[in-house]
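Residue numbers (the numbering used here): 182 to 416.
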């Protein structure tokens, strides 16, 4: 009976998550980023966004009550254009992981990851990797006045934040797995594209991504840094 209940919970979670279209997830990811950055005293320091090589946005990651894996979410990764100026097209990704076993009382959580260096980017370009094992991850600082030059922000490959019930804070997602979402890419672009292809070439972004690209460009300005010196995705 317990195994049956676990399987029913897993199928319920999968059905719930698949009900949302790729375009709707992209719109949700855009809303999450805008809402976080519009509260600078409690959001992500713009200096870090300006220095990041890539960003991952997972709107409404599920945990606990609906998901038998502890955590499960779908969203998008975006990296700098090959020119180093501006942001490229979104690639669909999935986050999975956590303790197996039926959990009660879970809730949706928005997750933001900043990929801060080339090592982190190379992990992102792989088919999947584990946060905290394959790539170092640390809780990101919150607030405009927070220094971005702490040991954690200077040494970690990935910085992470989460927002749940209106509370936004740095959080470490140790043990979660980030993988490509080929089905999401196919749905968004109408053809078979891998996340690596999207993130390392000048793939034309879909119309639904324009608002997110504009928001990223707006919050990526770093005084004293020439845009040509910013990170460039590598093949």
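Built from N, CA and C at the ideal position, the CB exists for glycine as well. Predicted model only: the values in this text are computed from it and were never measured.
| Check | Outcome |
| --- | --- |
| What are the boundary residues of the alpha helix (DSSP H) that residue 229 is part of? | 227 to 232 |
| Using three-state DSSP, classify residue 347 as helix, strand or coil. | coil |
| What are the boundary residues of the beta strand (DSSP E) that includes residue 290? | 290 to 296 |
| Assuming residue 293 and residue 217 form a contact by the criterion Cβ under 8 Å, report the distance between their Cβ atoms to the nearest whole angstrom. | 7 Å |
| DSSP on residue 372, reduced to helix/strand/coil? | coil |
| Helix, strand or coil, according to DSSP, for residue 274 in the structure here? | strand |
| Once you ignore the five residues that flank residue 397 on each side, which residues in its own chain have a CB closer than 6 Å to its CB? | 268 |
| Could you check the C-alpha separation between residue 362 and residue 260 for me, to the nearest Å? | 16 Å |
| Would you mind reading off the limits of the alpha helix (DSSP H) that contains residue 208? | 203 to 218 |
| Keeping to the same chain, check which residues put their C-beta closer than 6 Å to that of residue 224; ignore five residues upstream and five downstream. | 217, 218 |
| Going by CA-CA distance only, name the one from 230, 209, 374, 204 that's closest to residue 322. | 230 |
| Quick one: grab the DSSP three-state call for residue 319. | strand |
| Answer with buried or exposed for residue 314, where buried requires no fewer than 16 other C-beta atoms within 10 angstroms of its C-beta. | exposed |
| For residue 308, which residues of its own chain have a beta-carbon under 6 Å away from its beta-carbon, when the five flanking residues on both sides are left out? | 361 |
| Going by CA-CA distance only, name the one from 203, 235, 388 that's closest to residue 300. | 235 |
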